[in-house]
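Here the structure comes first, spelled out in structure tokens, and everything after it is commentary.
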Amino acid sequence: MLNQYINDNKDRFVDELLDMLRIPSVSADPKFKADVMRNAEYLKARLIEAGADNVELVETAGNPVVYGEKLVDPNLPTVLVYGHYDVQPADPYELWTSPPFEPVIKDGKIYARGACDDKGQMYMHVKAFETMVKTGTLACNVKFMIEGEEEVGSVNLGAFVREHKDRLQGDVILISDTGMLANDTPSITTGLRGLSYLEVEVTGPNRDLHSGLYGGAVANPINILCQMIASLHDENNHITIPGFYDNVQELSQEERADMARAPFDLEKYKKALNLGDVHGEAGYVTMERNSIRPTLDVNGIWGGYTGEGAKTVIPSKAYAKISMRLVPNQTSEEITEKFKKHFESIAPKSVKVEVKPHHGGEPVVTPTDSPAYQAAAKAYEETFGVKPIPVRSGGSIPIVAMFKSELGLDSVLMGFGLDSDAIHSPNESYGLFNFMKGIETIPLFYKYFAELKK
Ligand code: BES
Ligand code: MN
Ligand code: MN
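Position in the sequence shown counted from 1, then plus 296, gives you our numbering.
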């Protein structure tokens, strides 16, 4: 019955997603504020159509949270669905094969900014919900909270959760905003890294200088910044900030051996990214480096003259944006503080440095012995024909740790994206196979969760 309904309505499901993908809901850039609001309204209308009650845009200090619910029976468990309707900026536009907000379907994939992260994945939940409502098979109570600021650090969602604690009572948080290993190798994400994001500013002379008249005699802040950044890793690619690894939870040999059982092909990985070799912390393999180990990366660096031709100048200032991915039991506050202290301490007297923290988020690991995880695993096994593998991811969804600390709720991360979906990159895509598989798998989660929760 479910699959019949899904099949009969497949084209409309896809069309509705395409319509949403046409809305450039970029949260990072105030220029798109009206589009962000338009997307929230669009989602509100679709939730009402799908059969949700009490649908509203809940105001926050930033973009609204789209809330809606269907409370069928107080004796049934309640699933809180989280997702986000905001997207990353589409820049650089010139690298897109088709415009980022004019979705096209090519070779079975939808190409658009947000196709996978997170509009395509979030919308599977709306359509799975519709399917359950319209076929009279909704096995749990549902509460939707879809936010519009995930890509800028969910800065106002903590306050939203604290203010609406009563309304957000439930048994589990259900999220599709992660990936899986491959279309024939489903996996469930069991961990996310935390994040400490900051910006540094290095100031040399009080004005830009002629690089002939002053070159060699005063500090060039770009040169200095590069030296300082280079010193943050040693020859083994360990991070040199004192105390950086103090609280890092090391995995046992057994846990690491377990991880190594997940299929991974290093040659394919290198080929997909056109890399001569991989790079990372000595003593750990790629799958560990990008999930259970903390990192430090420059996300952007600028200063001086970058226009056409040449300009001989020693700039007054240089800047960088730096992110550190965190693992249990590091905290963003601790790591930001350690970075700041260290970075200031290694600056030579010839420059001044300023460290400006942006947002942060805490790492999480979710249980695999819970009814919710078991229900998800059964659901995947039924639709994919193989048991899903638990995998810790390297990405971050800062609100997941907060759901645990504020609401006491664990999350189940039922992601359907693939690495090749190129989230945050030009030509982001999402497979129609994945979109439809998600819509088929989610109702089974509800069914098994209701059974196992009894
Ligand atoms: N959906 C991603 C996170 C993600 C993707 C986790 C794939 C696991 C697998 C999310 O939208 C995201 O991009 N998060 C940001 C953090 C945020 C604070 C900007 C990230 O991980 O960089
Ligand atoms: Mn996302
Ligand atoms: Mn994202």
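Using N, Cα and C, we set each Cβ at its ideal position, and we do this for glycine too.
Subject >> Own chain residues within Cβ distance below 8 Å of glutamate 702, not counting five before or after >> reply: The residue you call residue 702 lines up with position 406 of the sequence shown. Cβ within range, chain order: Gly454, Val457, Arg458 and Lys461.
**OP:** Could you have a look at glutamate 536 and say whether DSSP puts it in helix, strand or coil?
**Re:** Taking the sequence shown and counting its residues from 1, the one referred to as residue 536 is at position 240. Contrary to the premise, residue 536 reads as threonine rather than glutamate in this sequence. The answer is coil: DSSP assigns threonine 536 none of H, G, I, E or B.
**OP:** Report back the beta-carbon spacing between proline 347 and lysine 439 to the nearest angstrom; my notes put them in contact at under 8 Å.
**Re:** Within the sequence shown, numbered from 1, the residue matching residue 347 stands at position 51. Within the sequence shown, numbered from 1, the residue matching residue 439 stands at position 143. Going by the sequence as given, residue 347 is glycine instead of proline. Cβ-Cβ separation between glycine 347 and lysine 439: approximately 14 Å, too far for a contact (criterion under 8 Å).
Original post:
Taking Cβ positions, are serine 689 and arginine 552 nearer each other than 9 Å?
Top reply: Within the sequence shown, the letter at position 393 stands for residue 689. Within the sequence shown, the letter at position 256 stands for residue 552. No, they are not a contact pair.
**OP:** With DSSP as the reference, please indicate the residues paired to tryptophan 392 in a beta bridge.
**Re:** Taking the sequence shown and counting its residues from 1, one reaches residue 392 at position 96. DSSP lists no partner for tryptophan 392.
Original post:
Which class does histidine 421 belong to by DSSP, given the choice of helix, strand or coil?
Top reply: Reading the sequence shown from its first residue, position 125 is the one you call residue 421. Histidine 421 carries a helical assignment under DSSP once its states are collapsed to helix, strand and coil.
Original post:
Looking only at C-alpha atoms, which of Ile319, Val361 and Thr481 sits nearest to valine 383?
Top reply: As a position in the sequence shown, residue 383 is number 87, starting the count at 1. The shortest Cα separation from valine 383 among Ile319, Val361 and Thr481 belongs to Ile319.
Original post:
When every heavy atom of ligand 2 is checked, does at least one fall within less than 8 Å of the C-beta of glutamate 443?
Top reply: For this step, residue 443 is matched to residue 147 along the sequence shown. In this structure, glutamate 443 has its CB at a distance of at least 8 Å from all heavy atoms of ligand 2.
Subject >> Exposure label - phenylalanine 560; buried when at least 16 CB within 10 Å >> reply: To locate residue 560, count along the sequence shown from 1; it is residue 264. Phenylalanine 560 comes out exposed.
Original post:
In three-state terms, what does DSSP make of tyrosine 615?
Top reply: Numbered from its first residue, the sequence shown carries residue 615 at position 319. Tyrosine 615: strand per DSSP, three-state reduction.
**OP:** Just the C-alpha distance for lysine 617 and glutamate 633, rounded to the nearest angstrom, thanks.
**Re:** Indexing the sequence shown from 1 puts residue 617 at position 321. Indexing the sequence shown from 1 puts residue 633 at position 337. The straight-line gap from Cα to Cα measures roughly 16 Å.
Original post:
Which first and last residues belong to the alpha helix (DSSP H) in which glutamate 678 is found?
Top reply: Working through the sequence shown from its first residue, we reach residue 678 at position 382. Judged by DSSP secondary structure, glutamate 678 falls within the alpha helix (DSSP H) whose first and last residues are 667-680.
Original post:
Where do the ends of the beta strand (DSSP E) carrying arginine 688 lie?
Top reply: Your numbering for residue 688 matches position 392 in the sequence shown. Counting along the chain, the beta strand (DSSP E) containing arginine 688 begins and ends at 685-688.
Subject >> Host beta strand (DSSP E) of phenylalanine 745 (start-end) >> reply: As a first step, residue 745 is located in the sequence shown; it is residue number 449 there, counting from the start. Secondary structure note for phenylalanine 745: it is in no beta strand (DSSP E), and the uninterrupted alpha helix (DSSP H) holding it is 728-749.
Subject >> Within 6 Å of ligand 2: residues by beta-carbon to any heavy atom >> reply: Those residues that bring their Cβ nearer than 6 Å to a heavy atom of ligand 2 are His380, Asp413, Asp414, Glu446 and Asp473.
Original post:
Beta-carbon separation of aspartate 504 and isoleucine 597 under 9 Å?
Top reply: Sequence index remark: in the sequence shown, residue 504 carries index 208 (1-based). Sequence index remark: in the sequence shown, residue 597 carries index 301 (1-based). No, these two residues do not count as a Cβ contact at 9 Å.
**OP:** Can you grab the Cα-Cα spacing for the pair glutamate 577 / aspartate 715, in whole Å?
**Re:** In the sequence shown, residue 577 corresponds to position 281, counting from 1. In the sequence shown, residue 715 corresponds to position 419, counting from 1. Using only the alpha carbons, I get a separation of about 21 Å.
Original post:
What three-state label does DSSP hand lysine 327 in the structure shown?
Top reply: Here residue 327 refers to the residue found at position 31 of the sequence shown. Here lysine 327 carries a helix assignment [DSSP, helix/strand/coil].
Original post:
Taking Cβ positions only, does leucine 317 come closer than 9 Å to chain B?
Top reply: Judged by its chain identifiers, the structure shown contains no chain B, having just a single protein chain.
Subject >> 3 or more residues per run - each beta strand (DSSP E) lying fully within the region 419-456 >> reply: As far as the region 419-456 is concerned, its whole beta strand (DSSP E) runs of at least 3 residues are 437-443.
**OP:** Specify, as a first and last residue, the run of the beta strand (DSSP E) that lysine 564 falls within.
**Re:** Position 268 of the sequence shown, counted from the start, is the residue given in the question as residue 564. That residue, lysine 564, is in no beta strand (DSSP E); its alpha helix (DSSP H) goes 562-569.
**OP:** Please report the Cβ distance between glycine 444 and histidine 380, rounded to the nearest whole angstrom; I am assuming they are in contact, meaning their Cβ atoms lie under 8 Å.
**Re:** In the sequence shown, counting from the first residue as 1, residue 444 sits at position 148. In the sequence shown, counting from the first residue as 1, residue 380 sits at position 84. The C-beta distance from glycine 444 to histidine 380 rounds to 7 Å, short enough to fall under 8 Å.
Original post:
Can you tell me the Cα-Cα spacing of threonine 679 and threonine 737, whole angstroms?
Top reply: Counted from its first residue, the sequence shown places residue 679 at position 383. Counted from its first residue, the sequence shown places residue 737 at position 441. Looking at the two C-alpha atoms, the distance is approximately 6 Å.
Subject >> Three or more C-beta pairs below 8 Å linking the region 544-551 and the region 507-517 >> reply: Under the 8 Å Cβ criterion, the region 544-551 does not count as touching the region 507-517, having fewer than three qualifying pairs.
Original post:
Which residues share a DSSP beta bridge with proline 644?
Top reply: For the purposes of this step, residue 644 is taken as residue 348 along the sequence shown, with counting starting at 1. Answer is none; proline 644 lacks a bridge partner.
Subject >> Inter-residue Cα distance where the pair is alanine 672 and tyrosine 742 >> reply: Residue numbering aside, residue 672 sits at position 376 when the sequence shown is read from its first letter. Residue numbering aside, residue 742 sits at position 446 when the sequence shown is read from its first letter. Approximately 9 Å between the Cα atoms of the pair.
Original post:
Taking contact to mean at least 3 C-beta pairs separated by less than 8 Å, is the region 630-647 in contact with the region 508-527?
Top reply: Counting Cβ pairs under 8 Å, three or more are found: they touch.
Subject >> Sub-9 Å separation of proline 659 and glycine 449 beta-carbons >> reply: In the sequence shown, the residue the question calls residue 659 occupies position 363. In the sequence shown, the residue the question calls residue 449 occupies position 153. Cβ atoms of proline 659 and glycine 449: not closer than 9 Å.
**OP:** Find out if the Cβ-Cβ distance for the pair glutamine 626, proline 653 is shorter than 9 Å.
**Re:** One-based indexing of the sequence shown puts residue 626 at position 330. One-based indexing of the sequence shown puts residue 653 at position 357. Judged by their CB atoms, glutamine 626 and proline 653 are not nearer to each other than the 9 Å cut-off.
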